[in-house]
Amino acid sequence: ENPIPYVKITANGRDETLLIDGAPATALTCWTLEPEGAITTDSKVYLKQMATAAAAEIARWLAQAAAPEPRTGFAAAGGGQVTKPLKPSDIAILVRTGDEAAVIRQALGALRINSVYLSDRDSVFQTQEAVDLLHWLKACAAPTEESLVRAALGTNTLAIPLEELARLQEDELDWETQVMRFVGYQRTWQRQGVLAMLRRLLHEQNLPARLLQRADGERILTNLLHLAEWLQQSATALDGEQALIRHLSTHLDCSGEEFIVRLESDAELVQVITIHKSKGLEYPLVLLPFICSWRPIDGRTRQVPTRLAAGEAGDAASPRALEVAGKDACQDAWDNADDERLSEDMRKLYVALTRARHAAWLGITPLCRQGKKPQLHQSALGHVLKGGQSFANAAEVWNALEQLKGDCEDIAIQPLPTTPAQPLATATDAVLEPACAPGHGRFEPWWIASYSALTVGAAQVAAEPAEQGSEPRASDTAEQETAQEESSVETVLTTAMPGIMSSTLTSERAHPGSGEGDGEGEDAGQTAPGSIHALPRGSRYGTFLHGLLEWAARLPLTQDPQGQPRRGFAAAAHVPALRQELLARRCQLRGLTDWITPLDQWLQQLLTTPWTLSELSPPQGPAPSLRLEDLAPSQVQVELEFWITSDGVKTSNLDRLVQAHCLPGAARPQLRPNQLDGLLKGFIDLVFEHQGRYYLLDWKSNWLGPEDSAYTDEAMRTAILAHRYDLQYALYLLALHRLLRARLPDYHIEQHLGGALYVFLRGHQAPTQGLFMAKPSRALIEGLDRLFNGRPLTTQPEVA
Numbered sequence: 075e076n077p078i079p080y081v082k083i084t085a086n087g088r089d090e091t092l093l094i095d096g097a098p099a100t101a102l103t104c105w106t107l108e109p110e111g112a113i114t115t116d117s118k119v120y121l122k123q124m125a126t127a128a129a130a131e132i133a134r135w136l137a138q139a140a141a142p143e144p145r146t147g148f149a150a151a152g153g154g155q156v157t158k159p160l161k162p163s164d165i166a167i168l169v170r171t172g173d174e175a176a177v178i179r180q181a182l183g184a185l186r187i188n189s190v191y192l193s194d195r196d197s198v199f200q201t202q203e204a205v206d207l208l209h210w211l212k213a214c215a216a217p218t219e220e221s222l223v224r225a226a227l228g229t230n231t232l233a234i235p236l237e238e239l240a241r242l243q244e245d246e247l248d249w250e251t252q253v254m255r256f257v258g259y260q261r262t263w264q265r266q267g268v269l270a271m272l273r274r275l276l277h278e279q280n281l282p283a284r285l286l287q288r289a290d291g292e293r294i295l296t297n298l299l300h301l302a303e304w305l306q307q308s309a310t311a312l313d314g315e316q317a318l319i320r321h322l323s324t325h326l327d328c329s330g331e332e333f334i335v336r337l338e339s340d341a342e343l344v345q346v347i348t349i350h351k352s353k354g355l356e357y358p359l360v361l362l363p364f365i366c367s368w369r370p371i372d373g374r375t376r377q378v379p380t381r382l383a384a385g386e387a388g389d390a391a392s393p394r395a396l397e398v399a400g401k402d403a404c405q406d407a408w409d410n411a412d413d414e415r416l417s418e419d420m421r422k423l424y425v426a427l428t429r430a431r432h433a434a435w436l437g438i439t440p441l442c443r444q445g446k447k448p449q450l451h452q453s454a455l456g457h458v459l460k461g462g463q464s465f466a467n468a469a470e471v472w473n474a475l476e477q478l479k480g481d482c483e484d485i486a487i488q489p490l491p492t493t494p495a496q497p498l499a500t501a502t503d504a505v506l507e508p509a510c511a512p513g514h515g516r517f518e519p520w521w522i523a524s525y526s527a528l529t530v531g532a533a534q535v536a537a538e539p540a541e542q543g544s545e546p547r548a549s550d551t552a553e554q555e556t557a558q559e560e561s562s563v564e565t566v567l568t569t570a571m572p573g574i575m576s577s578t579l580t581s582e583r584a585h586p587g588s589g590e591g592d593g594e595g596e597d598a599g600q601t602a603p604g605s606i607h608a609l610p611r612g613s614r615y616g617t618f619l620h621g622l623l624e625w626a627a628r629l630p631l632t633q634d635p636q637g638q639p640r641r642g643f644a645a646a647a648h649v650p651a652l653r654q655e656l657l658a659r660r661c662q663l664r665g666l667t668d669w670i671t672p673l674d675q676w677l678q679q680l681l682t683t684p685w686t687l688s689e690l691s692p693p694q695g696p697a698p699s700l701r702l703e704d705l706a707p708s709q710v711q712v713e714l715e716f717w718i719t720s721d722g723v724k725t726s727n728l729d730r731l732v733q734a735h736c737l738p739g740a741a742r743p744q745l746r747p748n749q750l751d752g753l754l755k756g757f758i759d760l761v762f763e764h765q766g767r768y769y770l771l772d773w774k775s776n777w778l779g780p781e782d783s784a785y786t787d788e789a790m791r792t793a794i795l796a797h798r799y800d801l802q803y804a805l806y807l808l809a810l811h812r813l814l815r816a817r818l819p820d821y822h823i824e825q826h827l828g829g830a831l832y833v834f835l836r837g838h839q840a841p842t843q844g845l846f847m848a849k850p851s852r853a854l855i856e857g858l859d860r861l862f863n864g865r866p867l868t869t870q871p872e873v874a
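Quick note: to get the numbering used here, add 74 to the position in the sequence shown (first position is 1).
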């Protein structure tokens, strides 16, 4: 009697049966070209062809499973009725490489079938989202840097339409809205952390909703959240926004287990996985659309065998020696290496064919990698079908499959599916019920306005030469970069004086409204130095002059050549070495080295020339006279920032009030119809106190003509009206009025509010000294105050 008897057994079978289109599925289905089919001559065509067919079949199955009476799914053993409809997660697609995974996922996405790649080993820092996130962080850390904000808005991940980006170039109001958004992101970052900031950015830019409409949107969103969490963790050990930006920048080429991209979802998705990683796993349905693909080792792929055969290779005992010897001298080595490759592919074929619980589908074609002759026999499946012998055409492949099938009913050979599939219906395709009526009242638009925003779109009334009256646009990108370079070497010179508010100046804030109506371009070439009238025109040169005067006002305590202590304007006027050193540095950065001496003379004259403010006389007393050098730092405030609440302020009412009290009866552009609800912000170039009265001063670098005689009262008045500087100084006077009312006891408008002084810098030697003066009336100030408080005016102003 046999001590180890053999007992015949039978498989227990499954408790369920897979039904496809209402019929039991065949265990193994081979999709291939019909016998008269053409030969596939390119591996890319093979991938696309098989991916399209596999995706179409999956879409058909899932559509049948989602029908009211599902015909595809699982039934009880021996039953013919689907009791458990097929789900996407029941389907696995096995591939060899990440490239194959990308092809099949693209085909699935085209039919709105969501999938997940379970073998992704890429670093999250090597994704486009990581690069785009770096741009976002830079813009959020410096929201007033125009170039950084534009780079952030132009990233692929935000995917803002090109026409919208183009509109931001033209519409200053829309651009300012975007900038203020990034200012808000910066505040959230500083107060709540980078994770809160990024979540706010995602939702305010409506990014999740827009991304989820894309086939790869869930993947992109997952990468962003992964990076955001990593940044939040890293921020605990870093100091400040710039440190975190540098930290992310250094990791963009990093890799490691902790940085591998996360799965975008654990929902019911079609699973795409490599054959290698599927070992030991089991899936209800398995598709092998690219089972015929292979990569030979033949010397052309640059893959060097790990072991070399002795013989023709001679002393070629290293990969480098093999490369030098060439393929002909080492053919045996290459052949041996390709045999090893084929052996490994055979093992993977076995793994792939044994992963299915119910059924598997194979994509087979007489694939040609090079030339026109099929080379399917070099693949693992081709080797199984014909023992390593080559196939002449598609008919031989079909015949080999028929021989393999024999009488087995569990193997089916079918032509490659070519019927186009309809995109899979999703939950969002369902008919929606009528929307509920909103239960809230009408929302009033809340926004932050400025003088610039109010004057955008105003029509030009006077036909003025394009080069006249042009004030620089302070957001000029080139000037921003130059100013940044200057600030790094002038820290000592720009230190705020005691008693003067220290503020971080930015190009947009520095001269709000200075660029309105700018009709001139940059001078094409270098202008020969001479008087200030010959200084090149354009935004960057105007901002340059503003910067010189701001530097002069902020100069710390120093000694003049006679040993006298000087500060502010006085130091700039009486310490030539300090002034000339700064001019030399700044002019060199702008290619204006020939202008150092003319600008030095201009600046010294401007600071020391007496001004008679005849139109700003107090109610009783002579007209004030002053020189900038006589103003002590305690008497001046550079770049005074203000914020004024706005409650239902209609620009039409504001315009009528200003026109009635500022240069009444003169023609000027009308303001664009709008309403201010929120805040009005701005920066005043200079506020100074003189003889107990307070004045605002605004530097204007407008070019009105080639000589001093062009700067007449009428010419300056025309420029004021053309660019609506009347509105600007009216709003600035309101801000100064409210500040003085809050700070000064027994404040009176007539006694303390001196007026507005606009200095046309190129006309300082004209008979008018380039000074435009405006003294506010009590009716104007009180009318503006009531208007911005949301109260009606006592009387409607009449425009003459």
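We put the CB at the ideal spot given by N, CA and C, even for glycine.
Is the stretch 696 to 706 touching the stretch 629 to 648, taking contact as three or more C-beta pairs under 8 Å? yes
For residue 879 versus residue 803, is the C-beta distance shorter than 8 Å? Outside the modelled stretch of the chain, which goes from 75 to 874, sits residue 879, for which no answer is possible.
Let me know if residue 424 comes out buried or exposed under the rule of 16 or more other beta-carbons within 10 Å of its beta-carbon. exposed
Count Cβ pairs between the stretch 709 to 717 and the stretch 836 to 856 that sit closer than 8 Å; are there 3 or more? no
With distance defined between alpha-carbon atoms, name the residue in 716, 758, 765 and 778 nearest to residue 609. 778
Express the C-alpha separation of residue 356 and residue 431 in angstroms, rounding to a whole number. 6 Å
If you count every other CB in all the chains shown that lies within 10 Å of the CB of residue 717, and 16 or more means buried, which is it? exposed
Going by DSSP, what residue range makes up the beta strand (DSSP E) through residue 439? In the DSSP assignment, residue 439 falls outside any beta strand (DSSP E), carrying neither H nor E.
List the DSSP bridge partners of residue 847. 831
From the DSSP output, in three-state form, read off residue 311 for me. It is coil, neither helix nor strand.
Whose C-alpha, out of 302, 835, 225 and 412, is nearest the C-alpha of residue 209? 225
Three-state secondary structure assigned by DSSP to residue 720: strand
Using 10 angstroms around the beta-carbon of residue 78, count the other beta-carbons present and answer buried if the total reaches 16, otherwise exposed. exposed
By DSSP, does residue 540 sit in helix, in strand, or in coil? No answer about residue 540 holds up, because its pLDDT of 35 lies below 50 and its placement is not dependable.
In this structure, does DSSP put residue 389 in helix, strand or coil? Reliability fails at residue 389, whose pLDDT of 45 lies under 50, so the model's placement of it is uncertain and no value is given.
Could you pull the DSSP bridge partners for residue 273 from this structure? The partner list for residue 273 (beta bridge, DSSP) is empty, contrary to what the question assumes.
Am I right that residue 259 and residue 273 are in contact with their C-beta atoms under 8 Å? What's the rounded C-beta distance? Going by Cβ atoms, the distance from residue 259 to residue 273 rounds to 10 Å, so no, they are not a contact pair.
What is the rounded straight-line gap between the Cα of residue 679 and the Cα of residue 706? 18 Å
Quick one: what's got a C-beta closer than 6 Å to residue 358's C-beta in the same chain, skipping five residues either side? 164, 431 and 432
State buried or exposed for residue 108, treating a residue as buried only when at least 16 other CB atoms are found within 10 Å of its CB. Exposed.
Inspect the CB distances between the stretch 469 to 481 and the stretch 99 to 107 and report whether three or more fall short of 8 Å. The stretch 469 to 481 vs the stretch 99 to 107: in contact.
Through-space distance from residue 867 to residue 674, alpha-carbon basis: The C-alpha of residue 674 lies about 49 Å from the C-alpha of residue 867.
Which value, in whole angstroms, describes the spacing of the CA atoms of residue 863 and residue 749? 13 Å
Which of the three DSSP states, helix, strand or coil, is assigned to residue 640? strand
Could you spell out where the alpha helix (DSSP H) holding residue 460 opens and where it closes? 454 to 460
Measure the C-alpha to C-alpha separation of residue 595 and residue 858 and round it to an integer number of angstroms. Confidence at residue 595 is low in this model, with a pLDDT of 43, below 50, so its placement is unreliable and the value that follows should be read with caution. Those two C-alpha atoms are separated by around 35 Å.
Whole-angstrom C-beta distance between residue 491 and residue 130, which should lie under 8 Å: 6 Å
Hey, which unbroken runs of the beta strand (DSSP E) at 3 residues or more fall wholly within the stretch 713 to 786? 749 to 764 and 767 to 774
Taking the alpha helix (DSSP H) that residue 345 belongs to, which residues open and close that run? Residue 345 -> not in any alpha helix (DSSP H); beta strand (DSSP E) instead, spanning 344 to 348.
Alpha helix (DSSP H) segment containing residue 205, residue limits: Note, residue 205: alpha helix (DSSP H), 202 to 215.
Can you tell me which of the three DSSP states residue 451 falls into? helix
Can we say the stretch 168 to 185 touches the stretch 120 to 134, given the rule of at least three CB pairs closer than 8 Å? yes
Quick check: what's the CA-CA separation for residue 371 versus residue 241? One C-alpha to the other measures close to 54 Å.
Determine, using beta-carbon pairs with one atom in the stretch 195 to 208 and one in the stretch 290 to 302, whether at least three such pairs fall under 8 Å. yes
Do you know how far the Cα of residue 450 is from the Cα of residue 470? 11 Å
In terms of residue numbering, what span does the alpha helix (DSSP H) encompassing residue 488 cover? Where residue 488 is concerned, there is no enclosing alpha helix (DSSP H), although the beta strand (DSSP E) it sits in stretches over 485 to 489.
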